[in-house]
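Structure first, commentary second.
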Amino acid sequence: MNKDNQQKGCIIHCRVSSTKQAQEGESLGEQSKNCERITIAKGWKLMHDPWLESFSGRKKQRPVFQEILAFIDKNPGKVQYYVFKAIDRCTRGGADAYGLIKRELMKRGVEMFDTNGIIQPSYNTLENYGFGYEWSQSSPSEVSEVVLATTAKDEVTKILTRMIGQEIWLTQQGYKANAPQDGYINKKVYVGGKKRTIQVADPERAKYYIAMLEMRALGQYTDIEIVDRVNAMGYRTKLRNKFDKATHQEIIGQTGECVLNVKKLQQHIRKPIYCGVLVEKWTNYKPVKAAYEGLVSIETFNAANRGKVFIRKDGDFLEALYDYHPDLVVYKRMRNNPLFPYKSILCPICKKPFLGSSPKGKSGAGFPTYHCARDHKYIGIKKETFDASVEKFINDLHFQPEIINSLHTVLLDRYRERQGEIMQVASEVSLNVSELEAEKAQAVKAFIATGSDVVRQVIEKEIEAIDRRMRSAQTERNKMEITERDIDDFIRDAKKIMEHPAEMLLNTTNIMQQQALFGLVFEETPTYEEICNGTPKLTWIFQLSKASDNAETHVVHPPGIEPGTLGLRGPCSTN
């Protein structure tokens, strides 16, 4: 073995493009072993542990290569060879990037050496004359090196075009082409003899997202209450490993295990994937029906988002709408002024809702009035008169006798069904409490066993955190417990409402809820004149009391039988 070769120093640089490639395929360990065998055979001295890098070869900024140059600068004259496996492992940036790396090394007196034997030593074309210049340095393998560097770049383009192009096509067909969304797991299926990836509900985590969407769709819970309920069920973000940035092989920490908060809740419920609709970059942000079922229906998703994100379905056509509020009417005045609870009643002339205000008289006192003057003569009705007419009509309403028993049965069945759903959630919360108790017991044992004050402080903080989580979960569980007394109360309240619907309909504490209930009573929103005459079109489940004054019969007939009343003069006439 040549003595000069034994004195020469070298460094080794190994690179892969991704974490998966580092752990499988052409791993960093195999590259390093091959390079070390070559250096031993050549008799070169390894001046530094091999640099192992998991980084894209297409990037111009290469932190590890800059570190190598800094090492060579700190040890001038000690490194003669830069050893790597192949040109495509050195760079995939093409001939320009390869030339830049080679020039940086040549300036420091370092030659490149690949284990495939493509790169040949350079020589001085003026060596016979005893002179040398930068331009007189020539490499017999320069053309081959440029060709391989260019080929490496083109190869990346072809590989990524095939792979990404296929993933885009599959996504647009409704399949999954990457990691599953939280709440799902990926599953391989065969479609037309070809393997495809779909998402199915995660048996452990799907329940959290179903609860988020269904509770918000009901409209009975605040976001904070939903967050507390889901956390009590045991929700925590997924635990993920953090790898070192250089090699992506060594686990340096973990992230996750965080509780749900309001901001995250609002982000989760706006993802259409949970109702089986894909809206992402590869679908051009247009909705595509997934080739699998969502966790909830599109209707539940729309109700949960309340117009922030709305998926409109018309046959096979899907459309994503944002900030969608088709029924929103913008008023300049206060929309739900409790002083005027019956503004939804229509003007008998223009068929638009009345307005309410309190114009001041000469004395300076206000006179509450329902009024309208939209392209017609001003109509003004005192609040006392208007409210009394509406309340009299509502007090004369009652359910049709033949449906009372049916409603009672349906309400009780629906209550029992909802009770079952709540008890299922309560059992999951109880399971979470039991797991927390077991976790606390282990922490207490560890606290007793250790003699280190530092460790005891850490365990003590952990026990306090578990106690807080247990108290929160137990509070939510207690809220969900339903007793026979609750059922009796429900039946009694339901019976009272069915016998006296006016108590529900005349509740002006929640005007929006009252207007929604009016929609169940009237087939069409009535005018004030129809209210006074007792002729609104009622839904089939309601009728007027036979003892009501005024007409020969106040029992409401099917729509279209009684004559119109706009031409009649009566107690509500405004002219």
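Under our numbering, the first residue of the sequence shown carries the number 191, and numbering increases by one thereafter.
Backbone N, C-alpha and C fix where the C-beta goes; we use that ideal spot for every residue, glycine too.
Presumed contact (8 Å Cβ cut-off) between residue i and residue j, rounded CB distance
i                 : j              : result
cysteine 280      : tyrosine 271   : Not quite, the Cβ-Cβ distance comes to about 13 Å (not below 8 Å), so this is no contact.
tyrosine 365      : threonine 340  : Incorrect: roughly 35 Å between the Cβ atoms, too far for contact.
leucine 468       : alanine 391    : With a Cβ gap of about 16 Å, leucine 468 and alanine 391 do not count as contacting.
threonine 305     : asparagine 376 : Threonine 305 to asparagine 376, Cβ: 38 Å. No contact.
glycine 546       : asparagine 527 : 6 Å
isoleucine 277    : proline 240    : The Cβ separation is near 18 Å, so there is no contact.
valine 634        : alanine 663    : With a Cβ gap of about 18 Å, valine 634 and alanine 663 do not count as contacting.
phenylalanine 530 : isoleucine 721 : Going by Cβ atoms, the distance from phenylalanine 530 to isoleucine 721 rounds to 15 Å, so no, they are not a contact pair.
Contact check, residue i vs residue j, beta carbons under 8 Å
i              : j                 : result
cysteine 235   : cysteine 200      : Here residue 235 is lysine; the residue named in the question, cysteine, does not match the sequence. Yes.
valine 269     : methionine 302    : no
isoleucine 144 : lysine 428        : Nothing can be reported for residue 144: it is not among the residues displayed for the chain, which extend from 191 to 765.
serine 329     : glutamine 310     : yes
isoleucine 459 : arginine 406      : yes
glycine 247    : arginine 282      : yes
lysine 727     : phenylalanine 708 : no
lysine 343     : glycine 267       : no
isoleucine 768 : glutamine 371     : This structure leaves residue 768 out entirely; the chain is present only between 191 and 765.
lysine 264     : glutamine 221     : no
lysine 384     : lysine 378        : no
threonine 490  : leucine 403       : yes
lysine 533     : cysteine 562      : no
valine 273     : threonine 229     : yes
glutamine 244  : valine 300        : What sits at residue 244 in the sequence shown is serine, not glutamine. Cβ atoms of serine 244 and valine 300: not closer than 8 Å.
isoleucine 638 : tryptophan 472    : no
Residue i versus residue j: straight-line alpha-carbon distance, rounded
i                 : j                 : result
glutamine 614     : serine 548        : 52 Å
glutamate 501     : histidine 515     : The sequence shown places isoleucine at residue 501, not glutamate. If you take the alpha carbons of isoleucine 501 and histidine 515, they lie about 12 Å apart.
glycine 409       : arginine 496      : 9 Å
phenylalanine 507 : valine 381        : 23 Å
methionine 414    : leucine 450       : Correcting the residue type first, residue 414 is isoleucine in the shown sequence and not methionine. Distance between the alpha carbons of isoleucine 414 and leucine 450 is about 10 Å.
glycine 835       : glycine 373       : Nothing about residue 835 can be read from this structure; the chain reaches only from 191 to 765.
valine 580        : alanine 555       : 25 Å
threonine 361     : aspartate 504     : 21 Å
valine 499        : proline 477       : 11 Å
proline 691       : asparagine 585    : 8 Å
leucine 295       : leucine 259       : 8 Å
arginine 759      : tyrosine 411      : Any reading at arginine 759 is ruled out, since the residue's pLDDT is 37, under 50, leaving its predicted position unreliable.
lysine 572        : phenylalanine 557 : 8 Å
phenylalanine 589 : glutamate 611     : 29 Å
tyrosine 560      : tyrosine 482      : 53 Å
arginine 352      : valine 254        : 29 Å
isoleucine 252    : isoleucine 291    : One detail in the question is off: residue 252 reads as arginine in this sequence, not isoleucine. Going from the Cα of arginine 252 to the Cα of isoleucine 291 covers about 10 Å.
serine 331        : leucine 338       : 11 Å
histidine 250     : aspartate 286     : Per the sequence presented here, residue 250 reads as lysine, with histidine not at that position. If I take the Cα positions, the gap works out to 10 Å.
serine 208        : arginine 661      : 44 Å
glycine 446       : lysine 454        : 13 Å
asparagine 492    : alanine 367       : 26 Å
lysine 297        : lysine 232        : 23 Å
serine 312        : alanine 480       : 59 Å
asparagine 318    : glycine 307       : 27 Å
lysine 651        : glycine 641       : 16 Å
cysteine 465      : glutamate 509     : 13 Å
glutamine 256     : isoleucine 262    : 10 Å
valine 336        : glutamate 345     : 14 Å
glutamate 714     : glutamine 444     : 60 Å
aspartate 603     : serine 596        : 11 Å
serine 849        : proline 393       : In this structure the chain extends from 191 to 765, so residue 849 is not present and cannot be described.
tryptophan 325    : glutamine 197     : 28 Å
valine 417        : leucine 511       : 26 Å
Proximity test, residue i beta-carbon vs the ligand HEM heavy atom, cut-off 7 Å
i            : result
arginine 386 : For the ligand HEM, the structure offers nothing, since it holds no ligand at all.
Problem set entry | Unbroken stretches of the alpha helix (DSSP H), 4 residues or longer, contained in the stretch 551-629 | 573-585
Exercise. Which ranges would you report for the alpha helix (DSSP H) in the stretch 387-474 if only whole runs of at least 4 residues count?
Worked result: 396-408, 413-422 and 452-459
For this session: Kindly confirm or deny that the stretch 537-547 and the stretch 562-574 touch, where touching means at least three C-beta pairs closer than 8 Å.
Result: yes
Exercise. Is it a yes or a no for the stretch 651-664 touching the stretch 625-636, going by three-plus beta-carbon pairs under 8 Å?
Worked result: yes
Exercise. Do the stretch 391-403 and the stretch 415-426 touch if we need at least three Cβ pairs shorter than 8 Å?
Worked result: yes
For this session: Run through the stretch 219-302 for me and flag every whole beta strand (DSSP E) of 3 or more residues, listed as ranges in chain order.
Result: 241-244 and 271-274
Exercise. Taking only runs of the beta strand (DSSP E) that begin and end inside the stretch 480-548, which ones reach a length of at least 3 residues, in chain order?
Worked result: 499-504, 507-512 and 545-547
For this session: Starting from the N-terminal side, write out each stretch of the beta strand (DSSP E) that is 3 residues or longer and does not extend beyond the stretch 298-359.
Result: 301-304
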